[in-house]
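First comes the structure, then the notes that go with it.
Protein chains in written order, with our numbering: chain A, 1 to 109; chain B, 110 to 228.
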């Protein structure tokens, strides 16, 4: 099985930077995904890390350390529309994703 | 980016009826499709995994006779909720795994979801 630990909630102001940490334990590892999910909607793909290091994609960056079972999602220049739940999802060797409860980010003006 | 569609977006049905949900990958061939269910304020729960041309693999606790999955092609998978009851009311989301470009690691994209309400 896979255990995923990320903070339940985070609050930040517009224009700020937020880092969402995620630790995981897997029985087989085949990459880690980050998704954004707005209330009442399906998750949307943000990033995918399979090797150690930082992947940058516009305002969002994701980091992975496989040996530590650790990843983070960095959100820069926060906008009100970034208020959502962020899901850390490690993938196992059978290509199944596991989801925790996610981190609810609230952006305030 | 990759597009995965689902139809219908929402459905209301009477208890005892069956409902079919379609999931399509629009611009890539999906090696595998996954079906999830999400109850309000809960995390996504994987129901089953389906590969084209083979039987679906169901997660523990998911009734395969109640949730029928057909994966007819590399771009289409269907989930049929048979004899639906109010407790089956939920948000059903499919995802498709595939490669957009040759040589690029495959990723996994979600459809927009189908909200099922059983009266």
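In this text, a Cβ means the ideal position worked out from N, Cα and C, and glycines have one as well.
Bridge partners - residue i, DSSP secondary structure assignment
| i | result |
| --- | --- |
| residue 5 of chain A | A:23 |
| residue 137 of chain B | Note: residue 137 of chain B sits in no beta bridge, so no partner. |
| residue 66 of chain A | Residue 66 of chain A pairs with nothing; no bridge assigned. |
| residue 180 of chain B | In DSSP, residue 180 of chain B forms no bridge with anything. |
Expected contact under 8 Å - CB spacing of residue i and residue j to nearest Å
| i | j | result |
| --- | --- | --- |
| residue 31 of chain A | residue 48 of chain A | 6 Å |
| residue 113 of chain B | residue 135 of chain B | 7 Å |
| residue 19 of chain A | residue 100 of chain A | Rounded, the Cβ-Cβ distance is 17 Å, inconsistent with contact. |
| residue 228 of chain B | residue 127 of chain B | So it is not a contact: roughly 14 Å between Cβ atoms. |
| residue 39 of chain A | residue 107 of chain A | That belief does not hold up - the Cβ atoms of residue 39 of chain A and residue 107 of chain A are roughly 14 Å apart, past 8 Å. |
Any C-beta of chain A under 8 Å from that of residue i
| i | result |
| --- | --- |
| residue 155 of chain B | yes |
| residue 117 of chain B | no |
| residue 206 of chain B | yes |
| residue 217 of chain B | yes |
| residue 198 of chain B | no |
| residue 221 of chain B | yes |
| residue 176 of chain B | no |
| residue 158 of chain B | yes |
Residue-level contact to chain B via CB, residue i, 8 Å cutoff
| i | result |
| --- | --- |
| residue 53 of chain A | no |
| residue 96 of chain A | yes |
| residue 90 of chain A | no |
| residue 28 of chain A | no |
| residue 15 of chain A | no |
| residue 58 of chain A | no |
| residue 86 of chain A | no |
Beta-carbon contacts of residue i that lie in its chain and below 6 Å, excluding the five residues immediately before and after
| i | result |
| --- | --- |
| residue 221 of chain B | 115 |
| residue 21 of chain A | 72 |
| residue 175 of chain B | 191 |
| residue 104 of chain A | 9 and 85 |
Nonlocal neighbours in the same chain, by C-beta distance under 7 Å from residue i, ignoring five residues either side
| i | result |
| --- | --- |
| residue 3 of chain A | 24 and 25 |
| residue 139 of chain B | 183, 184, 205, 206 and 207 |
| residue 166 of chain B | 157 and 158 |
| residue 76 of chain A | 17 and 59 |
| residue 57 of chain A | 47 |
| residue 61 of chain A | 54, 55 and 74 |
Other residues of its chain near residue i: CB distance less than 8 Å, five sequence neighbours each side excluded
| i | result |
| --- | --- |
| residue 171 of chain B | 156 and 157 |
Short CB-CB distance (under 8 Å) between residue i and chain E
| i | result |
| --- | --- |
| residue 44 of chain A | Considering every chain present, this structure includes no chain E. Its protein chains are A and B. |
* Inter-stretch contact (C-beta, 8 Å, three-pair minimum) for the segment 53–71 of chain A and the segment 172–188 of chain B -> no
* To do: Take every Cβ of the segment 77–88 of chain A, pair it with every Cβ of the segment 187–194 of chain B, and state whether three or more of those distances are shorter than 8 Å.
  => no
* Three or more C-beta pairs closer than 8 Å, one from the segment 134–145 of chain B and one from the segment 196–204 of chain B: is that the case here? -> yes
* Give a yes or no on contact between the segment 91–106 of chain A and the segment 153–164 of chain B, applying the rule of three or more CB pairs nearer than 8 Å. => yes
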